[in-house]
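Written out below as structure tokens is the structure these notes cover.
Numbering (mature numbering (1 follows the signal peptide of the UniProt record, and there is no 0)), first residue to last: -26 to -1, 1 to 187.
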């Protein structure tokens, strides 16, 4: 029984090696490695249980997963650092813009738009009937206002709210790209990012043009 299991495992590994040799990537390579980093993690078909890391498009961060030891795809790294080094170049976008909405064949009077993280563009699509999704916009302009990079104004104005790493509770303001206004939040006193202002007036003066066409 043990020998049969061993032979089966060896066969799986050999088959996986042959498949990998025959793989040809059809995507055009990008400077930030989107073509491999945005793939869904695949555990593989072998029976091992190996700690690996993959780039999670929903959180735009690297997370641990269990890999079987063969097959899978290239969104598979031996360490967190290796994952970040390869995929950390992908520009951050608002959370609502990271995941594709479900697509269907239903045709409303007008098409909807979603932000495609793979192309970094707002694209037209037809949703499933009665579906709702945060990454679904009634116009290309509204999609661009919320999700598109390269807006007018400082780039840090489109950074998400970051409360920091310490334990204080300080009243600060950050620019909310979706509502195009400055919102109060509690800052912990250290860490965080530059989307952090002492007053609402300072915040609006710096970021009021961000997200506008």
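Here a beta-carbon is modelled for each residue, glycine too, at the ideal position from N, C-alpha and C.
C-alpha gap between residue i and residue j, whole angstroms
i           : j           : result
residue 78  : residue 106 : 12 Å
residue 175 : residue 145 : 14 Å
residue 137 : residue 165 : 8 Å
residue 9   : residue 62  : 13 Å
residue 23  : residue 42  : 5 Å
residue 72  : residue 143 : 30 Å
residue 65  : residue 85  : 27 Å
residue 36  : residue 12  : 11 Å
residue 98  : residue 92  : 14 Å
residue 114 : residue 140 : 40 Å
residue 121 : residue 20  : 39 Å
residue -1  : residue 94  : Low confidence applies here, because residue -1 scores a pLDDT of 41, under 50, leaving its location unreliable; read the following figure in that light. Using only the alpha carbons, I get a separation of about 19 Å.
residue 108 : residue 163 : 31 Å
residue 70  : residue 152 : 10 Å
residue 96  : residue 34  : 18 Å
residue 177 : residue 47  : 43 Å
residue 155 : residue 184 : 10 Å
Anticipated Cβ contact below 8 Å, residue i with residue j, distance rounded
i           : j           : result
residue 52  : residue 18  : Not a contact, Cβ separation roughly 14 Å.
residue 15  : residue 39  : 5 Å
residue 135 : residue 159 : 5 Å
residue 130 : residue 168 : 4 Å
residue 117 : residue 89  : 6 Å
residue 103 : residue 76  : Not a contact, Cβ separation roughly 10 Å.
Enclosing alpha helix (DSSP H) for residue i [first to last residue]
i           : result
residue 22  : Run containing residue 22: none; DSSP gives neither H nor E here.
residue 35  : Not the alpha helix (DSSP H): residue 35 falls in the beta strand (DSSP E), residues 35 to 41.
residue 179 : 174 to 181
residue 200 : Nothing can be reported for residue 200, as the shown portion of the chain is limited to -26 through 187.
residue 139 : Element bounds for residue 139: n/a, residue is neither H nor E.
residue 13  : Here residue 13 belongs to no alpha helix (DSSP H), and DSSP marks it neither H nor E.
residue 211 : Here the chain covers residues -26 to 187 and nothing more, so residue 211 does not appear.
Beta carbon proximity, residue i to chain D, threshold 8 Å
i          : result
residue 87 : Of the protein chains in the structure, only one exists, and it is not chain D.
Continuous beta strand (DSSP E) stretch holding residue i: start and end
i           : result
residue 97  : 95 to 99
residue 157 : 155 to 161
residue 91  : Taken as a continuous stretch (DSSP letters only), residue 91 belongs to no beta strand (DSSP E), as it is neither H nor E.
Residue i - partner residues in DSSP beta bridges
i           : result
residue 192 : Given a span of -26 to 187 for the chain in the structure shown, any question on residue 192 remains unanswerable.
residue 150 : 155
residue 109 : DSSP lists no partner for residue 109.
residue 30  : 35
residue 86  : 99
residue 171 : 147
residue 130 : Note: residue 130 sits in no beta bridge, so no partner.
Check: residue i C-beta below 7 Å from any heavy atom of the ligand NAP
i          : result
residue 86 : Although the ligand NAP was asked about, the structure shown includes no ligands whatsoever.
| message | Using 8 Å as the cut-off, can you tell me whether the segment 25 to 34 makes contact with the segment 56 to 63, which would need three or more C-beta pairs spanning the two stretches below that distance? | response | yes
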